[in-house]
Amino acid sequence: MTRIDELRANLAAVHDRIARATADAGRPDGDVALVVVTKYFPASDVRLLAGLGVTDVGENRHQEAEAKAAECTDLGLRWHFIGGLQSNKAAAVARYADVVESVDRAALVARLARGAEDAGRVVDVLLQVSLDPPGREHRFGADPATLPALADEVARTPALRLGGLMAVAPLDEDPALAFSRLAGIRADFLSRHPDATVLSAGMSGDLEAAITVGATHVRVGSAVLGSRPTVQ
Ligand SMILES: *Cc1c(COP(=O)(O)O)cnc(C)c1O
1 MTRIDELRAN
11 LAAVHDRIAR
21 ATADAGRPDG
31 DVALVVVTKY
41 FPASDVRLLA
51 GLGVTDVGEN
61 RHQEAEAKAA
71 ECTDLGLRWH
81 FIGGLQSNKA
91 AAVARYADVV
101 ESVDRAALVA
111 RLARGAEDAG
121 RVVDVLLQVS
131 LDPPGREHRF
141 GADPATLPAL
151 ADEVARTPAL
161 RLGGLMAVAP
171 LDEDPALAFS
181 RLAGIRADFL
191 SRHPDATVLS
201 AGMSGDLEAA
211 ITVGATHVRV
221 GSAVLGSRPT
231 VQ
């Protein structure tokens, strides 16, 4: 099988899973968008995916993302930054990312805005919320209690547009349980920011559970591209 045949077959299978889960949740066809996570895979794969109709790609490491986006400017893709964001890289990320999904603290906001302004663009921002059970060291994402202040800060920043929320289910818990907490957090959030309707949740292993609780975007890597090297 050539690479494009492999990607085409994998994409079809993922679209099928999304369509089935969307219908099972009683949601309209086309309600859930696919972001293909291309981290660790070459720009040549991104090019093949664009040819197969992919419009949105996700990356989690700044240098790799910046280089790939520069190689693929002719493709008209939307680039989603989904990785942990160092403060000193935030301005640079906002120059090429169309959506920054991993905003988890106020210190990032002014830096992202500076990068977006320098590039003369408005960047969509999702707030990454931690789904780790209370009491655990929060590894990724904002504590839900800090979301209102963080959201207000983004909403009052002209170079940024508050799009909604993003989350990753913890590895050691049933994703359906974690995503049910997410649904509650999102309902609170939407009562204050009713236009920020994006919910980015669900990956190769748990996209069905995320769609059940209302995900509007799923971020799928290995089910489309194959398994990644385990060591970076
Ligand atoms: C890598 C990654 C994904 C995709 O994971 P798969 O299991 O390969 O689908 C989704 N979201 C984030 C934040 C990631 O880092």
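Its first residue numbered 1, the sequence shown is counted upward by one per residue in UniProt numbering. Glycine is no exception: its CB is placed at the ideal position from the N, C-alpha and C atoms.
Item to check | Reduced DSSP secondary structure (H/G/I, E/B, other) of Gln128 | outcome: Working through the sequence shown from its first residue, we reach residue 128 at position 128. For Gln128, the three-state secondary structure derived from DSSP is strand.
Checklist entry - Are there three or more Cβ pairs, one per stretch, closer than 8 Å when the region 54-66 is compared with the region 160-175? => result No contact exists between the region 54-66 and the region 160-175.
Item to check | Alpha carbon of Met1 to alpha carbon of Arg219, nearest angstrom | outcome: Position 1 of the sequence shown, counted from the first residue, corresponds to residue 1. Position 219 of the sequence shown, counted from the first residue, corresponds to residue 219. When rounded, the distance between both Cα atoms is 25 Å.
Checklist entry - Mind checking Ala149: buried by the 16 CB within 10 Å criterion, or exposed? => result As a working mapping, residue 149 is identified with position 149 in the sequence shown. Residue environment analysis places Ala149 among the exposed positions, since fewer than 16 neighbouring C-beta atoms fall within 10 angstroms of its C-beta.
Next on the checklist: Measuring only the C-alpha atoms, how far is Asn88 from Ala94?
Outcome noted: Taking the sequence shown and counting its residues from 1, one reaches residue 88 at position 88. Taking the sequence shown and counting its residues from 1, one reaches residue 94 at position 94. Those two C-alpha atoms are separated by around 12 Å.
Checklist entry - Whole-angstrom Cβ separation of Lys39 and Gly226, contact assumed at under 8 Å? => result Residue mapping note: residue 39 aligns to position 39 of the sequence shown, counting from 1. Residue mapping note: residue 226 aligns to position 226 of the sequence shown, counting from 1. Taking C-beta atoms under 8 Å as the contact rule, Lys39 and Gly226 fail to qualify, at a distance of about 12 Å.
Next on the checklist: Between which two residues does the alpha helix (DSSP H) holding Glu64 run?
Outcome noted: By one-based count along the sequence shown, residue 64 stands at place 64. Unbroken alpha helix (DSSP H) run through Glu64: His62 to Glu71.
Checklist entry - At a cut-off of 6 Å, is Ile211 close to ligand 1 when judged by its beta-carbon and the heavy atoms of the ligand? => result As a position in the sequence shown, residue 211 is number 211, starting the count at 1. No; taking the cut-off as 6 Å, the Cβ of Ile211 has no heavy atom of ligand 1 nearer than that.
Checklist entry - Any heavy atom of ligand 1 closer than 6 Å to the Cβ of Val103? => result Counted from its first residue, the sequence shown places residue 103 at position 103. Shortest gap from the CB of Val103 to any heavy atom of ligand 1: 6 Å or more.
Checklist entry - Relative to the alpha-carbon of Ala107, which residue among Ala90, Ala97, Ala116 and Val123 has its alpha-carbon at the smallest distance? => result Translated into positions along the sequence shown, residue 107 becomes position 107. Of the candidates Ala90, Ala97, Ala116 and Val123, the one whose C-alpha sits nearest the C-alpha of Ala107 is Ala90.
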